[in-house]
Structures are given as structure tokens and as C-alpha cells.
Amino acid sequence: MQRPWSGTVLMIVPTYNERDNLPELVRRLRDLPGDVHVLVVDDNSPDGTGALADALAAQDRGVAVIHRAGKLGLGTAYRAGFAYGLARSYRYLCTMDADFSHNPADLPRLLDLAASGVDLVVGSRYVPGGSVVGWPAGRKFISFVANRLAHLFLGLSTRDCTAGFRCYRREVLETIPLATIFSGGYSFLMEMAFLVEEAGFRIGEVPITFVNRTQGDSKISKLEIVKAVYTLLRLRTRSLPWDRMVSWVRRRRSGALGERE
Ligand SMILES: Nc1nc2c(ncn2[C@@H]2O[C@H](COP(=O)(O)OP(=O)(O)OP(=O)(O)O)[C@@H](O)[C@H]2O)c(=O)[nH]1
Ligand SMILES: [Mg+2]
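Residue numbers (my numbering): 72 to 332.
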């Protein structure tokens, strides 16, 4: 069936040691309506995921692979994927995890909302109808606290601002200064949500059931929690009144305001 987004979608899948998940994931994405293209961004996975991705790409022109030298982080993997998609004519650039926590069958719902004019659509655990299955209580707590802090500290209205299942309209990624994003790891997701809201884009959330991985190991480390706290503080400081004043003075000094007065 023809959809408004048919033929214009790139799904970016960062991978690190996902050999048990990747072939089935790519198959299910390629079986979706609308010829969704898949870009795997692999960081030289020791388990051979990169070679597996190459084999999938050799069989299917709708699959491509970026190989990076080593484990360079989730955020920079997304950025590499965005650069690839923006250099081509894709209109919807999506991201998801490789471990089936995000169900490929949910993707058309995200795309339908994006095609209706929503700039960033998030597959969300924390809107009515969304849920998390299989996470231990500690993991749920960390995710809950991260989101609560993002709402309180940064004033974000996105309920699930740490979610990796997303669909960006091309214009969003052309506007946000991707090269200046500080976070290279998991905090990238929060920073992007902040920048997209700050830029005034429309964000929508569709409920999803997030299912804990059954194959492979989690890559998230305790260090990522420390980095997330740092990211919150850093972004919060940027939006404090004195910070706005400093940037106003700087702009004034450089003459940017003088012309308008
Ligand atoms: N290319 C690349 N991919 C990564 C990196 N770190 C994680 N990933 C991938 O990013 C996705 C999310 O990582 P996960 O380990 O599943 O993180 P998570 O979902 O927060 O953790 P779990 O719930 O325990 O699975 C997966 O597809 C990983 O393979 C990285 O440094 N580079
Ligand atoms: Mg995962």
C-alpha cells in the first residue's frame, strides 16, 4: 500500500555486537510497506556484526553500512547516519535500537504522524498506552529519574526524552547544528530532544511497548549515567537568565543587535 512517506525513509540502526539480532531486524524492516531503507552504523563489533551487515547490503540495495574504526558512541553513530541521510534525498530519518526493544511493526505509526506534519515523532514508553516489559526495577527507576530531571531542569515537555526510537523530518536535522552537539553517547538523545524543542519544532509521541532485549548484552554503562547528569547541568546552565544575558551582550558587542535598533 502506498503511504505518504513511501520511498523516502531511512532507518539508522547503530550496532555494537548485535549479530544475533541484526539479520532478523533488517528483514522485518525491509518487509514493511513503503520500501524503508536501512543504514547500519557498526563500530567494528568484535562479534562480526559489521561483516554480517555487509552481506545483507550485498543482497539488497535498500541496505547500506557505515563502518567506524571502534566503539565511538551511540550519539556520534546517529550523527554519522544523519550525515549519510542528509547527503541523499531521504525526507524521514529514523533511528532505532538493533535489539528488538523497538518493534519494527510500530514504525509506520511513527511515520504516519511525521507525514501529518509533526517534526519529531518519538516512540514513547511514557505516554498513555506505552509501557516497558522485562526491565528490572532498578533500570526502570533510572529511566524514570532521567526523564523527570529533564522535565524539571530543562522544562522539556517530551514525556520520553531518552527514547532511541524516533523519526525526524529532514528539516529538523537541517536546522539543528548537529556538529556542535556535545554528547557523543546516550545523552545525545536528551540533548537532541532539548535542541529540537528549543528550536520550536513540533514533537509528537506515539505509545510503544518497549521490550527488554533477549539476545546480546546491554552496552549502557554507569559512566553514561554520570554523563547524563552532566548533560542536564550543562544544558540547564545554557538556559539560565545570566547565560542569556551574556550571549545578549556578546551579540551586542559584535554589532548583531545594533542594526535592528
Ligand atoms: N555504533 C554503535 N552502536 C552502539 C554503541 N553503543 C550502543 N550501540 C547500539 O545502540 C543500540 C542501543 O544500545 P543498548 O545496549 O541496547 O542500550 P539500551 O537499550 O539502553 O540498553 P538495554 O536496554 O540494556 O539493551 C543498540 O543497537 C546497540 O548495539 C556504540 O558505541 N556504537
Ligand atoms: Mg537496548
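Each residue gets a CB set at the ideal place from its N, CA and C atoms; glycine is no exception.
Between F153 and L164 a beta carbon distance of about 6 Å is seen, short of the 8 Å cut, so the two are scored as contacting. Contact between the region 210-220 and the region 177-190 is absent: fewer than three C-beta pairs spanning the two stretches fall below 8 Å.
The Cβ-Cβ distance between R150 and F265 does not fall below 9 Å. One alpha carbon belongs to A128, the other to P94, and they sit about 11 Å apart. In this structure, V97 sits away from V80, with a CB-CB distance that is not shorter than 9 Å. With respect to the 9 Å criterion, R237 and L306 are not classified as neighbours on the basis of their beta carbons. If you look at V300, you'll find it in the alpha helix (DSSP H) that goes 293-309. Straight through space, the alpha carbons of L244 and L157 are spaced by roughly 8 Å. Residue pairing from DSSP leaves H173 without any beta-bridge partner. Comparing alpha-carbon positions, the option among G105, F253, I296 lying closest to G209 turns out to be I296. Secondary structure note for T229: it is in no alpha helix (DSSP H), with a DSSP letter that is neither H nor E. When only Cα atoms are considered, V203 and V277 end up about 14 Å apart. Taken in chain order, the complete alpha helix (DSSP H) segments of 4 or more residues contained in the region 107-188 are 120-130, 145-157, 178-186. In this structure, R284 has its beta carbon less than 8 Å from a heavy atom of ligand 2. Excluding the 5 residues flanking it on each side, N115 has same chain C-beta neighbours closer than 8 Å at G121, H138, R139, A140, G141, K142, in chain order. Out of N174, M82, Y197, D91, the CA that lies nearest to the CA of F212 is found in Y197. Judged by the Cβ position, D118 fails to qualify as a neighbour of ligand 2 at the 8 Å threshold, every heavy atom of the ligand being at least this far. Following the DSSP letters along the chain, one finds P94 in no beta strand (DSSP E) but inside the alpha helix (DSSP H) bounded by residues 93-101. In this structure, the alpha-carbon of L123 lies about 13 Å from that of A169.
For a cut-off of 8 Å, the C-beta gap from L191 to Y239 is around 5 Å, short enough to register as a contact. Shortest Cα-Cα distance from G271 to any of E242, P104, T280 involves E242. Boundaries of the beta strand (DSSP E) around L81: 80-86.
When C-alpha distances from T285 are compared across I279, K293, H173, the shortest belongs to H173. In this structure, ligand 1 has a non-hydrogen atom nearer than 8 Å to the beta-carbon of R210. L294 counts as exposed, since fewer than 16 other beta carbons sit within 10 angstroms of its beta carbon. At a cut-off of 3 residues, the continuous stretches assigned as beta strand (DSSP E) that sit fully inside the region 228-278 are 237-240, 274-278. N218 has its Cβ no nearer than 8 Å to any heavy atom of ligand 1.
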